[in-house]
Amino acid sequence: MLLLENVRKSYREPDGAPLPILDIEHFQIDAGEQVVLRGRSGCGKTTLLNCISGLTAVDEGRITIKGHDIVGLHEVSRDRFRARHIGFVFQTFNLLPAFTALENVLLGMTFTGQKTDSGRAKRLLEEIGLGHRLTHKPAALSVGEQQRVAVARALVNQPSLLLADEPTANVDPAHQQQIIDLLRGACEQENVAMLLVTHAPEVANQFDRVETLEEINRAAATA
């Protein structure tokens with residue numbers, strides 16, 4: 383379902399010298415598979431998620447999702463593909479402060495070019511215990527509630543792939559397991575593949591497949 387082949391990404395040092403961030407020969411996730419990605423700070427985990435989602439362009443290589451090489455897509459087509467097939471749970475939530483919880487979830491539907499489904503958006507929020515908070519804006523929600531809204535937004539388009547960047551980093555311990563259970567349960571129910579980045583061993587230990595980025599990313603291994 384997700385296949386990376388010979389993916390390379392570098393940035394430039396202040397003196398103009400290249401700084402390799404990603405050098406991944408092969409990485410694959412099957413449909414419905416749930417994978418945890420671990421690694422030290424600065425080894426390229428967030429860059430990898432951004433490249434897989436098409437938010438960051440790679441220097442070379444192939445990133446194939448559902449048989450489509452997103453590297454070869456034009457920017458507009460790539461954005462549309464991401465909105466339709468990829469859900470992204472950001473560490474900082476990225477909710478729009480002027481919009482209600484329901485409007486933030488519905489916003490994720492507007493980028494697909496398809497008709498919005500307010501019924502599905504409401505059901506998702508109700509399933510995660512926010513049915514009574516539909517009209518509340520982010521400032522009126524707790525951190526845990528904001529994260530749950532972000533999860534609902536990522537799932538609303540029934541993506542094939544869910545990317546989660548440290549989804550429990552800004553959530554208090556009491557709600558950490560709730561977020562993980564929500565992500566895993568939703569992915570299992572709708573056969574969504576998930577790649578989850580975390581530093582927390584108590585989170586990683588719940589998954590059957592745990593990858594260390596330094597082991598698959600030659601740029602990190604030699605840094």
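Numbering (my numbering), first residue to last: 383 to 605.
Built from N, CA and C at the ideal position, the CB exists for glycine as well.
Every value quoted in this text rests on a predicted model; they were computed, and no experiment measured them.
With a threshold of 16 other CB atoms inside 10 Å of the CB of residue i, please say whether the residue is buried or exposed.
i	result
Glu-407	exposed
Gln-410	exposed
Phe-475	buried
Asn-539	buried
Gly-421	buried
Asp-405	buried
May I ask you to report which of helix, strand or coil DSSP gives residue i?
i	result
Pro-400	strand
Ala-546	strand
Lys-391	strand
Phe-481	coil
Gln-560	helix
Arg-422	coil
Met-576	strand
His-518	coil
Gln-609	Because the chain in this structure spans residues 383 to 605, residue 609 falls outside the shown range and cannot be described.
Here's a check: name, in chain order, each residue in its chain whose Cβ is nearer than 8 Å to the Cβ of residue i, leaving out the five neighbours to either side.
i	result
Asp-461	Gly-436, Phe-493
Look at the alpha carbon of residue i and the alpha carbon of residue j, and state the distance between them as a whole number of angstroms.
i	j	result
Leu-512	His-581	27 Å
Leu-430	Val-453	13 Å
Pro-520	Leu-537	18 Å
Leu-545	Asp-563	15 Å
Tyr-393	Ala-602	14 Å
Once you ignore the five residues that flank residue i on each side, which residues in its own chain have a CB closer than 7 Å to its CB?
i	result
Asn-486	Leu-477, Leu-478, Val-531, Arg-535
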